[in-house]
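Asker:
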Amino acid sequence: MSPNQKHIYFGTDKLDRASHLRERTAQLEEMKLTHDAKYVPVYNGRHIYMNQHSSFYRRSNPFDCEAECFLGLVGNQMWYSCPLNDKQAEKLEAEVGKRFASLRRYALKLDDELAHIALYSRGLDLWQRNRKFCPKCGTPNHLSWAGHRLLCQNNHEQFPHIEPAIIVLVTHGNKCLLGRKAEWPTYAYSTLAGFVEPGETIEAAVKREILEESNIQVSNVQYFGSQPWPFPASLMLAFTAEAKNEDIKVDDELEDVQWFTRQQLTEMMKEGYITIAPRYTVAHNLIVNWLESKDA
Ligand SMILES: [Zn+2]
3 MSPNQKHIYF GTDKLDRASH LRERTAQLEE MKLTHDAKYV PVYNGRHIYM NQHSSFYRRS
63 NPFDCEAECF LGLVGNQMWY SCPLNDKQAE KLEAEVGKRF ASLRRYALKL DDELAHIALY
123 SRGLDLWQRN RKFCPKCGTP NHLSWAGHRL LCQNNHEQFP HIEPAIIVLV THGNKCLLGR
183 KAEWPTYAYS TLAGFVEPGE TIEAAVKREI LEESNIQVSN VQYFGSQPWP FPASLMLAFT
243 AEAKNEDIKV DDELEDVQWF TRQQLTEMMK EGYITIAPRY TVAHNLIVNW LESKDA
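For the sequence shown, our numbering gives the first residue as 3, with consecutive numbering after it.
Structure, rendered in structure tokens:
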């Protein structure tokens, strides 16, 4: 296993989610007397970042948010997210002179632990925001279990919703298959990806998506790793696979799909003719891991 395969950004496991504490409100309050509690303000899935994390989190909860959401423990530190409303967000922005922004903008400035916590708070916040009403009976939901359960007026429960997606590095001999969407930045290429459908295995989703997007049939599907990806609610399941054919046919979803040898891709990246997915994505891990693998 290469270093790239091991280190998937946002995926640190240093946070103990301590899920048994979510229902124990009194115990959580008691713990605050002996633990250091840190609060991450989050607004519409976005955060505020300044140097030295100065506004990324606070050691007390000055935000007056309606519901503190318990994220977990790192050693003796309790971590909470604080979902802010419009007014609270405006106040904080004015106070620090910065705007709430997407994690994508400054992901690599955060250490592993903080990146993971930020991503977690984003996923939880987006789920809560998008579930204001019960999908079964339409009555308003309210938060319980320290932000991890929604309950409507008829006691219908809902829990955070995750959408599994597959992302695949397909190879054929010394070549790999990369594609691009029309709306991506010029020269950006990445591994092919798609959502797992109801009633489908992830292995079948890998084969179907690659065939649909490129006309390439694959075999030897191997699990590579996973990455939480709440943009807005995905879990990326990364694989490698081997192509059985080389004749590409691009479907409507993508603008272009091409085979690249290691040498071509390395030279094109160096000369700026192509950019691959950002360093914080598992697509980047997949591509770099392949470029650096020794069976060239
Ligand atoms: Zn309901």
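Ideal Cβ positions, reconstructed from N, Cα and C, are used throughout, including at glycine. All of these numbers come straight from a predicted model, not from anything done at the bench.
1. What whole-angstrom Cβ distance do residue 147 and residue 24 have, given they're in contact under 8 Å?
2. Run through the DSSP bridge pairs and tell me what residue 307 is partnered with.
3. Give the residues whose C-beta lies closer than 5 Å to at least one heavy atom of ligand 1, in chain order.
4. Three or more beta-carbon pairs under 8 Å between the region 259-273 and the region 85-94, yes or no?
5. Can you find at least 3 beta carbon pairs, one from the region 221-233 and one from the region 262-277, that sit closer than 8 Å?
6. Does the Cβ of residue 203 have 16 or more other Cβ atoms within 10 Å, making it buried, or fewer, making it exposed?
7. Might you give, ordered along the chain, the residues of its own chain that have their beta carbon closer than 8 Å to the beta carbon of residue 244, omitting 5 neighbours on each side?
8. Quick check on the burial criterion: 16 or more other C-beta atoms within 10 angstroms. Buried or exposed for residue 35?
9. Is the region 67-79 in contact with the region 99-110, if contact means three or more CB pairs nearer than 8 Å?
10. According to DSSP, simplified to helix, strand and coil, what is residue 149?
11. Nearest by alpha-carbon distance to residue 206: which of 239, 179, 192 is it?
12. Locate the alpha helix (DSSP H) running through residue 158, then write down its first and last residues.
13. Could you give the residue range of the alpha helix (DSSP H) that holds residue 122?
14. Is DSSP giving residue 270 helix, strand or coil here?
15. In angstroms with no decimal places, state the Cα-to-Cα distance between residue 180 and residue 141.
Answerer: This is what the structure gives:
1. Here residue 147 refers to the residue found at position 145 of the sequence shown. Here residue 24 refers to the residue found at position 22 of the sequence shown. That belief holds up - the Cβ atoms of residue 147 and residue 24 are roughly 4 Å apart, short of 8 Å.
2. No answer is possible for residue 307: the residues shown for the chain start at 3 and end at 298.
3. With 5 Å as the limit, the residues whose C-beta approaches a heavy atom of ligand 1 more closely than that are 136, 138, 139, 154, 156, 158, in chain order.
4. By the Cβ criterion, the region 259-273 is not in contact with the region 85-94, since fewer than three pairs of Cβ atoms, one from each stretch, lie closer than 8 Å.
5. By the criterion of at least three beta-carbon pairs nearer than 8 Å, the region 221-233 is not in contact with the region 262-277.
6. Position 201 of the sequence shown holds residue 203. Residue 203 comes out exposed.
7. Reading the sequence shown from its first residue, position 242 is the one you call residue 244. Here residue 244 has 172, 173, 174, 220, 221, 222 as same chain residues with Cβ atoms under 8 Å from its own Cβ, once five neighbours each way along the sequence are excluded.
8. If you number the sequence shown from 1, residue 35 lands on position 33. With fewer than 16 other Cβ atoms inside 10 Å of its own Cβ, residue 35 counts as exposed.
9. The region 67-79 is not in contact with the region 99-110.
10. Taking the first residue of the sequence shown as 1, we reach residue 149 at position 147. It is helical.
11. Locating residue 206 in the sequence shown gives position 204, counting from the first residue. With distances taken between Cα atoms, residue 206 lies closest to 239.
12. Here residue 158 corresponds to residue number 156 of the sequence shown, with the count starting at 1. Run containing residue 158: none; DSSP gives neither H nor E here.
13. Residue numbering aside, residue 122 sits at position 120 when the sequence shown is read from its first letter. 114-131 is the span of the alpha helix (DSSP H), which, as asked, contains residue 122.
14. Counting from 1 along the sequence shown, the entry for residue 270 is found at position 268. Residue 270 falls in the helix class under three-state DSSP.
15. Locating residue 180 in the sequence shown gives position 178, where the first residue counts as 1. Locating residue 141 in the sequence shown gives position 139, where the first residue counts as 1. In this structure, the alpha-carbon of residue 180 lies about 45 Å from that of residue 141.
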